[in-house]
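Working notes, beginning with the structure itself.
In the working numbering, the protein residues as written are 31 to 148.
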């Protein structure tokens, strides 16, 4: 993992982003055993509106309401898909689709959508 992180920051994998989902146990108990990895992913400040560049995103501590968070993720994924597959979508139509999907997910996942995506 540390090697991939280093290569993304260097010239080997420029403009590349890898996203890892790990349990909190990994960050607190495993990563500290590897100093270089701990330095790269150990962050005291979590991702938020005020700190959008944090290397850690805690789904339990995001300062976005459930439906808004799901909608924003959908909007970002739409943009990524368009770039990756050289496609263009009707953004008005997709905004309605994303909003409906976010609303439905937020209502169906009553415990919390964050728990289902851990």
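We put the beta carbon where it would ideally sit given N, CA and C, even for glycine.
Please classify residue 137: is it buried, with 16 or more other beta-carbons within 10 angstroms of its beta-carbon, or exposed?
Taking the chain shown and counting its residues from 1, the one referred to as residue 137 is at position 107. So residue 137 ends up on the exposed side.
Once you ignore the five residues that flank residue 70 on each side, which residues in its own chain have a CB closer than 6 Å to its CB?
Translated into the one-based positions of the chain shown, residue 70 becomes position 40. Hits under 6 Å: 35.
Is residue 97 closer than 8 Å to residue 133 when the C-beta atoms are compared?
Position 103 of the chain shown, counted from the start, is the residue given in the question as residue 133. Position 67 of the chain shown, counted from the start, is the residue given in the question as residue 97. Yes, the Cβ-Cβ distance between residue 133 and residue 97 is below 8 Å.
Answer with buried or exposed for residue 131, where buried requires no fewer than 16 other C-beta atoms within 10 angstroms of its C-beta.
Here residue 131 refers to the residue found at position 101 of the chain shown. Under this definition residue 131 is an exposed residue.
Just checking: is the beta-carbon of residue 124 within a distance shorter than 8 Å of some beta-carbon in chain C?
Protein chain content of the structure displayed is limited to a single chain, and chain C is not contained in it.
Just the Cα atoms here: how many angstroms apart are residue 61 and residue 53?
Sequence index remark: in the chain shown, residue 61 carries index 31 (1-based). Sequence index remark: in the chain shown, residue 53 carries index 23 (1-based). So the two alpha carbons sit approximately 11 Å from each other.
Under 8 Å by Cβ, that's how I've got residue 86 and residue 78 pegged, so tell me the actual separation to the nearest angstrom.
In the chain shown, residue 86 corresponds to position 56, counting from 1. In the chain shown, residue 78 corresponds to position 48, counting from 1. Actually they are not in contact, since the Cβ atoms of residue 86 and residue 78 sit about 11 Å apart, beyond 8 Å.
Note the first and the last residue of the continuous alpha helix (DSSP H) segment covering residue 129.
Within the chain shown, numbered from 1, the residue matching residue 129 stands at position 99. Start and end: 121–138.
Shortest alpha-carbon distance to residue 55 belongs to which of 108, 68 and 129?
Start at 1 with the first residue of the chain shown, and residue 55 comes out as number 25. The shortest Cα separation from residue 55 among 108, 68 and 129 belongs to 68.
When we look at the beta-carbon of residue 100 and count the other beta-carbons within 10 Å, is it buried (16 or more) or exposed?
Start at 1 with the first residue of the chain shown, and residue 100 comes out as number 70. With 16 or more other Cβ atoms within 10 Å, it is buried.
Quick one: residues in its chain with C-beta nearer than 8 Å to the C-beta of residue 94, no 5 flanking neighbours on either side, listed in chain order?
Here the question's residue 94 lines up with position 64 in the chain shown. Excluding positions up to five away in sequence, the list reads 79 and 102.
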